Amino acid sequence: MSLSRLQNFRLLLAFTATLMLYGCSSEESTSSANTGFAGLGQEADGFQHAEQNQLLTFPTDHAAHPDYRIEWWYLTANLEDASGEPLGLQWTLFRQALMSPSERPAPTPWAADQLWMAHMAISQGEQHEVAERFGRSHSQADLSVPQDSQAGVISSPFHAWLDDWQLKASEEAASGAFSPLTLTAYSGEGKSRFGYSLTLTAQGPLVLHGKKGFSQKAANGQGSMYYSQPFWQIDGNVTLNGETQAVGGRGWLDREWSSQLLDARQSGWDWLSLHFDDGHKLMAFQLRGGGDDTDQEQGADYRSGTWITPQGKPTPLANTDIIMTPLATSAVAGREIPTRWRLEVPSAGIDINIEAPYANRWMTTSVPYWEGEVQISDRASGEPLGEGYLEMTGY
């Protein structure tokens, strides 16, 4: 076994042990009655917590927050190739603190208090390619030379990376700018090679979710700091089956960090990011469990979202503003996954169907989940209204 493979194997063991510690494994159900989905409802003593009235500051908050337990930079994109065929992609960088700030070891070449995981996926037609990587770092490492650290995120110039998978400010970006960015990630060799080299240009502002960036996730008050850039114009090249083609379309980047994201009763979520053809955007999620048990109409689930105008003005949506109803399921990876939904937001005049044109979007990663492209249509007329992405966990 080569040194690089041995290092990756050790990182995988460490990450798997961490996942098991937080109540999940890659082979078993990722929910726990005591800690919620993937352990995200576990108590987080010693860490900083996401709370209301925290002021988000940019570009500082584009970087990592090691005093919080979990964090991610999450990009999805609905693209087309030169022949007009739809193509979806995902790139995500996750950070997981191994210990609270007070328990951190002194920085040495072998010490690490942060684990990193990155996912990359390309989907077109029935084909769905997935890759995963792991890394480690120390929260007090000098990141002035990013190449000296296996993984990390800095705010100015913006740069998020795990090995040579990276999302970074392009050379023409101003100091501290979050646009334009370049994204590069590849996996495999020869005809099995897939990946992308893309440019992301913001066509609108950042959007803060919830109450000025604090997104509540349960009736008991758990939540995250959460903002998005839902206005990316994306252009570049995608390689699939060893062949490279030009692509273009629109993307959505989510940023969240927290220490106790969920209530311990919550078993998973259904999350949507939608691009309407008239320029509006919608983020909506349903966390299964953790709602107000006295609200029988809404059940015990917890819902939230944001309705976004074409100019980027957000309107927060409360639990009672959103109705998500599964209409049909598909057999995927030995599970029944809801791949057709009805979404109602009466206050915004929304009553739509959301359908995944391809069901086989299972992410065969250490913590498995479903993530794929969806199409939006008016429920009454069937008129196409747009596109987006759906993520579902805990099934």
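The sequence shown: position 29 = 29 (UniProt numbering), numbered continuously. Glycine included, C-beta positions come from ideal geometry on N, C-alpha and C. It should be emphasised that the depicted structure is a prediction, and the values quoted were computed from it without experimental measurement.
Query: For Ala77 and Ile234, believed in contact at Cβ under 8 angstroms, the rounded distance; Result: 5 angstroms
Query: Buried versus exposed call for Thr393 [16 or more other C-beta atoms within 10 Å across all chains shown]; Result: buried
Query: Arg255 classed as buried or exposed, judged by whether at least 16 other C-beta atoms fall within 10 angstroms; Result: buried
Query: Residues near Tyr186 by beta carbon distance below 6 angstroms, same chain, minus five either side; Result: Gly195
Query: Coarse secondary structure for Asn220, derived from DSSP in three states; Result: coil
Query: Contact set for Phe214: own chain, Cβ-Cβ below 7 angstroms, skip 5 residues either direction; Result: Ala50, Glu51, Gln52, Gln54, Gly223 and Met225
Query: Endpoints, the beta strand (DSSP E) within which Pro326 is located; Result: Ile323 to Val332
Query: CA nearest to the CA of Ser149, picked from Phe158, Pro157, Arg136 and Ser155; Result: Arg136
Query: Meets three-Cβ-pair contact criterion under 8 angstroms: the segment 332-342 and the segment 94-112; Result: no
Query: Proximity to Arg133 [Cα-Cα], best of Leu343, Ala151 and Ala141; Result: Ala151
Query: Stretch-stretch touch, CB-based, cutoff 8 angstroms, three pairs: the segment 58-66 with the segment 230-244; Result: no
Query: Where Gly210 falls, given that 16 or more other Cβ within 10 Å makes a residue buried; Result: buried
Query: Inter-stretch contact at 8 angstroms, needing at least 3 Cβ pairs: the segment 177-185 / the segment 151-167; Result: yes
Query: Close beta carbons around Glu27, own chain, < 6 angstroms, minus the five adjacent residues each side; Result: Confidence is the limiting factor: at Glu27 the pLDDT is only 41, short of 50, which leaves the residue's position unreliable and the question unanswerable from this model.
Query: Helix, strand or coil at Gln298 according to DSSP, with G and I counted as helix; Result: Its pLDDT being 45, under 50, Gln298 is placed unreliably in this model, and the value from its coordinates should be taken loosely. In this structure, Gln298 counts as coil in the three-state DSSP scheme.
Query: Option nearest Trp341 by Cα separation, candidates Ala331, Ile352 and Ala333; Result: Ile352
Query: Distance between Gly204 and Trp165 (C-alpha atoms, nearest Å); Result: 26 angstroms
Query: Contact under 8 angstroms by Cβ, Tyr389 with Val374; Result: yes
Query: 7 angstroms CB neighbourhood of Gly188 in its chain, flanking five on each side removed; Result: Phe194
Query: Simplified DSSP state of His62, which is helix, strand or coil; Result: helix
Query: Which of helix, strand or coil DSSP assigns to Ser259; Result: coil
Query: Classification of Trp362 by the beta-carbon crowding that lies within 10 angstroms, buried from 16 upward; Result: buried
Query: Cβ shell of Ala348 (< 6 angstroms), same chain only, five flanking positions each side left out; Result: Trp307
Query: Buried or exposed (CB count within 10 angstroms, at least 16 for buried), Gly125; Result: exposed
Query: Beta-carbon proximity list for Leu48, same chain, < 7 angstroms, skipping 5 on both sides; Result: Contrary to the premise, residue 48 reads as Gln rather than Leu in this sequence. Asp67, Tyr68 and Ser259.
Query: Buried versus exposed call for Ser381 [16 or more other C-beta atoms within 10 Å across all chains shown]; Result: exposed
Query: Identified DSSP bridge partners for Gln90; Result: Thr76 and Ala121
Query: Residue environment, Pro384, which counts as buried when at least 16 other CB atoms sit within 10 Å; Result: exposed
Query: Backbone CA spacing between Ala112 and Thr365 [nearest angstrom]; Result: 23 angstroms
Query: Contact check, Leu183 vs Leu79, beta carbons under 8 angstroms; Result: no
Query: Alpha-carbon to alpha-carbon, Gly372 and Ala356; Result: 7 angstroms
Query: CB-CB length for Ala82 against Ala246, believed under 8 angstroms; Result: 5 angstroms
Query: Inter-residue CB distance, Trp257 and Glu71 (contact presumed, cutoff 8 angstroms); Result: 4 angstroms
Query: Nearest-angstrom Cβ-Cβ length linking Gln140 and Met120, presumed shorter than 8 angstroms; Result: No, Gln140 and Met120 are not in contact; Cβ-Cβ is about 28 angstroms, not under 8 angstroms.
Query: Buried or exposed by the 16-neighbour rule on C-beta atoms within 10 Å, applied to Thr92; Result: buried
Query: Residue 397 versus Ser267: straight-line alpha-carbon distance, rounded; Result: Because the chain in this structure spans residues 1 to 395, residue 397 falls outside the shown range and cannot be described.
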